[in-house]
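See below for the structure under consideration.
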Amino acid sequence: MADQTVTRGDVEQARDEPHAAHQEGHEPHHVPGSHEPGSFWSRYVFSQDHKVIALQYSITALLMGGLGMALSWMLRLQLGFPGSFEVVHPANYYQALTQHGMIMIVYTLTALLLGGFGNYLIPLMLGARDMAYPFLNMASYWVYFISVVVLLVGFAVPGGPSGAGWTLYPPLSVLPNASPGTEWGIRFMLLSLALFIASATMGGLNYVTTVLQLRTRGMTLMRMPLTVWGIFLAAIMTLLAFPALFVGAVMLLLDSAAGTSFFIPRVALFGEQLAREGGNPLLWQHLFWYFGHPEVYVVILPVMGIVSDLVSTHSRKPIFGYRMMVWSLITIAVLSFVVWAHHMYTSGMNPYFGFFFTISTLVIAIPSAIKTYNWLLTLWRGNLQLTVPMLFAIGFISTFAIGGLTGLFLGNALIDAPLHDTYFVVGHFHLVMGVSALMGLFGGIYHWFPKVTGRMLNATLGKIHFWASFVGAYAIFTPMLFLGFAGVPRRYYAFDLYQFIPPSADTVNVFISVATWVVGAAQILFAANLAWSAFRGPRAERNPWKSAGLEWQTPTTPPPHGNWGAELPEVHRWPYDYSLFDEGDDYLPQTVPAGPVAASTPSIHDGAQKGGHGAG
Amino acid sequence: MARRRADTELAEKALPVRLRAALRLGEWRAPGGGNGWRNGRDGRRDSGVGGFGSQALPVPTSQLALWLLLATVTMAFSMMVTAYVVRSGLPDWQSFPKPRILWLNTGLLVLSSAALERAKRSVELGDAKRLRPSLMAGGILGALFVLGQLAAWRLMSQSGLTLQANPSTSFFYLLTAVHGAHVLGGLVAWVRTWRTARGRGYTSDDHLGLDLCAVYWHFLLLVWLVLFALIGLA
Amino acid sequence: MSIGILLPAVLVFIVEVIVAMAVTRLWWLTPLASNWGSIDTTLVVTLVITGLAFIAVNLFLAYVVLRYRSREGLRAVFLPDHPALEKWLIIGTGIGIIGLLAPGLYYYAQAIRPPADAMVVEIIGFQWGWSYRYLGADGQLGRSELALMSRENPFGLDLADPASQDDIVTFEALHLPVGKPVHVRLRAQDVVHSFYIPQFRMKQDSVPGMVTQMWFVPTKTGTYEGACAEYCGLGHFAMRAVIVVQEGEAFETWLHNQPNVAQARAQQ
């Protein structure tokens, strides 16, 4: 270890001057072995630059999110005002329900977090020029794009898209007319999923190899930002969990199109015997949830990482218990592979499995709880900059808490009996993997938008967006938890047949629907903010949040092709060196060499403004 | 590394803690910080924009990528195998006579794998002359395996054992089809290896591509042996 | 109002509303009508433990935002770790988890073991309705076969089997005697359904090609509703069942007045 003393000059230089900007005489854009973009097509369309691919992924995924949201409005029209809107009938209600779930979980959240955030941040946070396999990276996006196109074509085929619920349980999803879209919709759905899995596998290989192989000098695994840890583990999980869905999708496709009976037992559909025999519907459920449960954590682990970084930066305080944070992420990732059957307590599987899966499911709450404590303890005794990213990070902690805690009801096989497939489940999973994931995601977007575009998002609109989303999410989903206690079943087109459902449920459904549209309007505001600020927003400083992270040390913002100019940065410390000095800037970027800081200069940056205001 | 006892700090006032932190910057490092050069390996040349990672694991990036890919493929096959084992254990499972040609195909794949191993060894020993015949033999035998599997399908469907006939034949077609697709992927890799062998050639200290092709091939064989044993047993 | 004060206020407000909703029981479990009070107990224990955690997290959030929001003269404390504190938090969480697991697993073991003397009823789900089969006088269910299932013969009864003749099949309602354990065998004709009676706290999927089961003891007479709890197509929301719990004698009378399979066929 270099034993030199860090002088004030070194620190100032690292803070104020972009890395390697003083390397005169070098063409900053020339990077050996890189793919220098030429024409418009290779620069913006078939680009192999991770930053362009990240934007392509993000924009596509956000548009899909808009579509998923619009579908949910349609559901809320019927649930809030049953029968008042004739455009919604049971068939398209169930189709919208199915596609809303699938689009949000797979095509929006997974794509945005891995393809968008993963692509953009991994190389920048680790000091790499690009991903390990840029061509594969480009292919990953375009295969994702094709999967989206196939999914959308599925809306236009005869019979419409599949309306079998996003879990696509056979025999419902494939037997003729058992549910909407059993003829063509389901086939397009499955084909699209298979393509998505191919894309995610290409991406996953890239993220994992990049993290393991392309870290810059000094960037040890235990110096990686938690965002990268989250994305890295999620990428490993996609590689190990998605094959289950792939296999299931191929088998279901054969059941649908080729007349096989992997999942179809002998049945009498509408009283008519079908020429199918010997399949087992539970087999699909096992394959689906073996993918489905890790998938939940594929979404939430990157978000946990993002929130850790946001909380630390905007509290001006090191993340609390970094080592525990890493190990809890790893524990969650490993355990997530042995909890899948908690979705199946009432499915008819061997009931003795319930003991194992109840224990494994409740044990996974411990690492999740550790993470929550550590976020809270990071905030504790900090200097909280209540910027828009910070607001969303706090919103994440709150909604993750209620979402995660309600999971403890459903993970317990006994309590799952009354609550399974009621609105309690709807409230639970929306809070934990919908709302809290989006909170972290939005926070990340507000935080790194200046890095991506060189401009700030409008903070006032951002705060409106936060308040509407945060309060709105509670208003929408907590009543659902209580409706679930009352036994209101989910996936119901109407409730008027049932006496046990109290009339007040209708009233609260109106309230929920109105809240949904208010929250929806706020998302449109957010989209407008993104579009406007990308081109017209105020210019951002190089490091507007005074972050210690390596990604803010590129020579220019947005970073050039190859990210780092002529020489790669060298990392000397973890990304959480905050609250180090009493006056002036309180942090040290990762590029500042280690070594005892001269005792005579505890305050080494007297002329600086007070740290970390930004758009707050 | 001097680990700071944070619990004693809790009792202290904020200011001295921060001061001490500032003074001890050299002591507090990221957990596991080390000097950061432990795994330093500059100048890799096997990946797209490689050559920049300084903390890389002591394996070539493309080898790592291949192992990850094989892990993914293993997951896919183990899902199918598990499904097959569970299903074939149920009482209404109908066994069917397996086409004999499967034994021949198995032999072809074993020979193919051996030929690639021989190609790899010959390069390691610097015997470039033996490389091309072995590599060619490996590819041709692999392609023959695929044709042999197609013949097995034909034989089966001619005797009424079609894809839809019953779950045991459905599984047979599924397993062989996915494995066959995996072999076709291997043939694409083989074509690339062959072109390199004919082009710049492999030398005893530069033959990673050939090694990886051989690893993939052995994996193909291993998967097939497991599947064949399963199909034969059930 | 500054956001540093507004945010804690909103967090406290959210906690208050949710606690109020839980305490006032605006929407709460339907009145219990079976032996599964243990489920309610476990649920309430879980609600209390998780509720306290929820309140603690949000109030702590409100506190730190209020107390440590950035203002003149405030500096963050360099506090990267605190192993002792962390250890106690993990131990505390572990105890909480055990508190959730213990009653859950204990009662779950009871829930999955139907008593041997229970009355057996078979329920079959189809798009979109339910039908019910009782053992009849010989105390056993007649043989049934999937291949025989049709609209008229939802259970796929083998009419050649003498044990089938006295079975009683009804589409109308599930009649049950009060205070007697009921062992429900569930089957499905077409797709996966799930039989759910909110007041009994039990639900179980009915899966085509399989027999699944659940058991309970109805403890209060009255008429209850069953709902399908596994999405099964367009009519899922209308797949209502009626459950009539009667005194033992009334139930026997009802059962005797039902035509058995042989009688029903003779009438046709």
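Residue numbers (this note's numbering), protein chains in the order written: chain D, 1 to 616; chain Z, 617 to 850; chain C, 851 to 1118.
Just so you know, even glycine gets a beta-carbon here, dropped at the ideal spot from N, CA and C.
Values in this document were obtained by computation on a predicted structure and should not be read as measured data.
Cβ neighbours of residue i in the same chain (closer than 6 Å, five flanking residues each side left out)
{"i": "C/L1084", "result": "none"}
{"i": "D/F449", "result": "L457"}
{"i": "C/F1021", "result": "S981"}
{"i": "C/A1077", "result": "Y1046"}
{"i": "D/A234", "result": "V298, L301 and P302"}
{"i": "C/G912", "result": "At residue 912 of chain C the sequence reads Ala, which differs from the Gly that was named. Correct list, in chain order: P858, L861 and V862."}
{"i": "D/W289", "result": "W340 and H343"}
Counterpart residues of residue i in DSSP-defined beta bridges
{"i": "C/Q1096", "result": "C/P1027"}
{"i": "C/W1065", "result": "C/H1033"}
{"i": "C/E972", "result": "C/R983 and C/R1035"}
{"i": "Z/M772", "result": "Answer is none; Z/M772 lacks a bridge partner."}
{"i": "D/A401", "result": "According to DSSP, D/A401 bridges with nothing at all."}
{"i": "D/S504", "result": "According to DSSP, which records beta bridges pairwise, D/S504 is partnered with nothing at all."}
{"i": "C/V1019", "result": "C/R983"}
{"i": "C/I1047", "result": "C/M1052"}
{"i": "C/S994", "result": "C/L1007"}
{"i": "D/L269", "result": "D/E272"}
{"i": "C/T1073", "result": "C/V1094"}
{"i": "C/P1058", "result": "C/A1038"}
{"i": "D/V76", "result": "It should be pointed out that residue 76 of chain D corresponds to Arg in this sequence rather than to Val. Answer is none; D/R76 lacks a bridge partner."}
{"i": "D/T358", "result": "Paired residues: none, contrary to the question."}
{"i": "D/P489", "result": "D/T422"}
{"i": "C/S884", "result": "C/P1068"}
{"i": "C/C1078", "result": "C/F1045"}
{"i": "C/T1133", "result": "The structure shown has nothing for residue 1133 of chain C, since chain C only spans 851 to 1118."}
{"i": "Z/L685", "result": "Z/L685 pairs with nothing; no bridge assigned."}
Residues near residue i by beta carbon distance below 7 Å, same chain, minus five either side
{"i": "C/D1040", "result": "F976, Q977 and P1058"}
{"i": "C/L891", "result": "Looking at the sequence shown, residue 891 of chain C is not Leu but Thr. Excluding residues within five positions, the ones whose Cβ falls inside 7 Å are P953."}
Status (buried if at least 16 other CB within 10 Å, exposed otherwise) for residue i
{"i": "D/L550", "result": "buried"}
{"i": "C/V867", "result": "exposed"}
{"i": "C/T874", "result": "exposed"}
{"i": "D/N350", "result": "exposed"}
{"i": "D/S504", "result": "exposed"}
{"i": "C/V1111", "result": "buried"}
{"i": "C/V869", "result": "exposed"}
{"i": "C/N908", "result": "buried"}
{"i": "D/S147", "result": "buried"}
Near the ligand COA: residue i beta-carbon under 7 Å from a heavy atom
{"i": "C/A870", "result": "Annotation note on the ligand COA: not contained in the displayed structure, which lists no ligands."}
Nonlocal neighbours in the same chain, by C-beta distance under 8 Å from residue i, ignoring five residues either side
{"i": "Z/L837", "result": "L725, V726, S728 and S729"}
{"i": "Z/A768", "result": "P715, I717, L718, N721 and T792"}
{"i": "D/T406", "result": "F424, G427, H428, L431, V432 and L481"}
Using a Cβ-Cβ cut-off of less than 8 Å, give me the residues of the region 420–434 of chain D that come near chain C, in sequence order. H420, D421 and T422
At a Cβ cut of 9 Å, what residues of the region 319–330 of chain D count as close to chain C, listed as they run along the chain? I319, F320, G321, Y322, R323 and M324
Near-chain D residues of the region 865–882 of chain C - C-beta to any C-beta below 9 Å: V867, I868, M871, A872, R875, L876, W877, W878, L879 and T880
If you measure beta-carbon to beta-carbon, which residues of the region 956–985 of chain C are closer than 7 Å to chain D? Y957, Y958, A961, I962 and Q977
Using a beta-carbon distance cut-off of less than 7 Å, what residues from the region 480–499 of chain D approach chain C? F482, L483, F485, A486, G487, P489, R491, Y492, Y493, A494, L497, Y498 and Q499
When Cβ atoms are compared, which residues of the region 769–790 of chain Z fall closer than 7 Å to chain D? L779, Q780, N782, P783, S786 and L790
Quick one: which residues of the region 1061–1090 of chain C get their C-beta closer than 7 Å to a C-beta of chain D? List them in chain order. T1062, E1075, A1077, A1079, E1080, Y1081, C1082, G1083, L1084, H1086, F1087, A1088 and R1090
Taking a Cβ distance cut-off of 9 Å, strictly less, list which residues of the region 684–717 of chain Z are near chain D, in chain order. L684, L685, A687, T688, V689, T690, M691, A692, F693, S694, M695, M696, T698, A699, V702, R703, L706, D708, W709 and Q710
With 7 Å as the C-beta to C-beta threshold (strictly closer), list the residues of the region 281–301 of chain D near chain C in chain order. P281 and L282
Along the region 243–270 of chain D, where does the CB come closer than 8 Å to a CB of chain Z? Name the residues. P243, A244, F246, V247, G248, V250, M251, L254, A258, G259, T260, S261 and F262
Output the residue ranges of the alpha helix (DSSP H) runs that lie fully inside the region 397–444 of chain D and measure 4 residues or longer, sorted by chain position. 413–419 and 423–429
Listed in chain order, which residues of the region 891–907 of chain C have Cβ atoms closer than 7 Å to some Cβ of chain D? T892, L893, T896, T900, A903, F904 and V907
The region 927–939 of chain C: which residues have C-beta closer than 9 Å to a C-beta of chain D, in chain order? V927, F928, L929, P930, D931, H932, P933, L935, E936 and L939
Residues of the region 670–683 of chain Z with Cβ closer than 7 Å to any Cβ of chain D, in chain order: S670, Q671, A672, L673, T677, L680 and A681
With 9 Å as the C-beta to C-beta threshold (strictly closer), list the residues of the region 380–406 of chain D near chain Z in chain order. R381
Using a Cβ-Cβ cut-off of less than 8 Å, give me the residues of the region 344–370 of chain D that come near chain Z, in sequence order. none
Interface residues of the region 944–955 of chain C facing chain D [CB-CB below 7 Å]: G944, I947, L950, L951, G954 and L955
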